[in-house]
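S.K.: If you want the working numbering, it's the 1-based position in the sequence shown plus 630.
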Amino acid sequence: SAGLKIASYVDWTREPDVPMADSTSASVVRGQAIFEREDVGCADCHSGVAYTDNEAYDMAGLQGVRTRSLVGIAASAPYFHDGSSPTLRSVLERSRSGEMGDTSALSEQQMDDLEAFVASL
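1. Which runs of the alpha helix (DSSP H), 4 residues or longer, sit entirely within the segment 667-691?
2. Below 7 Å CB to CB, which residues in the same chain sit around ALA680 once its five sequence neighbours on both sides are set aside?
3. Count the other CB atoms within 10 Å of the CB of THR697; is the residue buried (16 or more) or exposed (fewer)?
4. Should VAL670 and ILE703 be called a contact, given that it needs their Cβ atoms to be closer than 8 Å?
5. Excluding the 5 residues preceding and the 5 following ALA656 in the sequence, name in chain order all residues of the same chain whose CB lies nearer than 6 Å to its CB.
6. Please state if the CB of GLU723 and the CB of MET796 are separated by a distance shorter than 8 Å.
7. Can you tell me where the alpha helix (DSSP H) with SER657 in it begins and where it stops?
8. Can you tell me whether DSSP reads VAL648 as helix, strand or coil?
9. Between the beta-carbon of THR717 and the beta-carbon of SER725, is there less than 8 Å?
10. Which residues mark the beginning and the end of the alpha helix (DSSP H) in which SER720 is found?
11. Give the range of the alpha helix (DSSP H) segment to which VAL748 is assigned.
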């Protein structure tokens, strides 16, 4: 079936190289803990091996937007459908609104750590 062929291709496709891939620095480890916090909510949609639930959501004025995998995300700027977020940090700043996760309670250090973790995927 076409779906199986697409899934096979996606599974075969090489992941992009990112400078911090698989880092275990203290910042990345702290960032992972923040990413997994219920009140921050990243892992609600960005879960599993590919860091996506593959579900569709209405967000950013669009309907049926599928959760993007975060694997290799550091190599694919700019972000969002319209390229309106030039950096990972700007995506995390947008999340302060609570529309997509909620980073509003995070300190600058915690934001740095969360950014480091996401950049390591």
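C-beta atoms are modelled at their ideal positions from N, C-alpha and C, and glycine is treated no differently.
M.R.: A quick look at the data gives this:
1. 672-675
2. Looking up residue 680 in the sequence shown gives position 50. Excluding sequence neighbours, ALA680 sits near SER699, VAL701.
3. For this step, residue 697 is matched to residue 67 along the sequence shown. Per the 10 Å Cβ criterion, buried.
4. To locate residue 670, count along the sequence shown from 1; it is residue 40. To locate residue 703, count along the sequence shown from 1; it is residue 73. Result no, Cβ atoms of VAL670 and ILE703 do not sit closer than 8 Å.
5. Here residue 656 refers to the residue found at position 26 when the sequence shown is read from its first residue. The answer is none, since no qualifying residue turns up.
6. The chain is shown only over 631 to 751; residue 796 falls outside these bounds and no answer can be derived.
7. Within the sequence shown, residue 657 is the residue found at index 27, counting from 1. Counting along the chain, the alpha helix (DSSP H) containing SER657 begins and ends at 656-665.
8. One-based indexing of the sequence shown puts residue 648 at position 18. If DSSP states are grouped into helix, strand and coil, VAL648 belongs with coil.
9. The residue given as residue 717 occupies position 87 in the sequence shown. The residue given as residue 725 occupies position 95 in the sequence shown. No, they are not a contact pair.
10. The residue labelled residue 720 in the question sits at position 90 within the sequence shown. Segment 718-724, the alpha helix (DSSP H) holding SER720.
11. Mapped onto the sequence shown, residue 748 falls at position 118. Element bounds for VAL748: 738-749.
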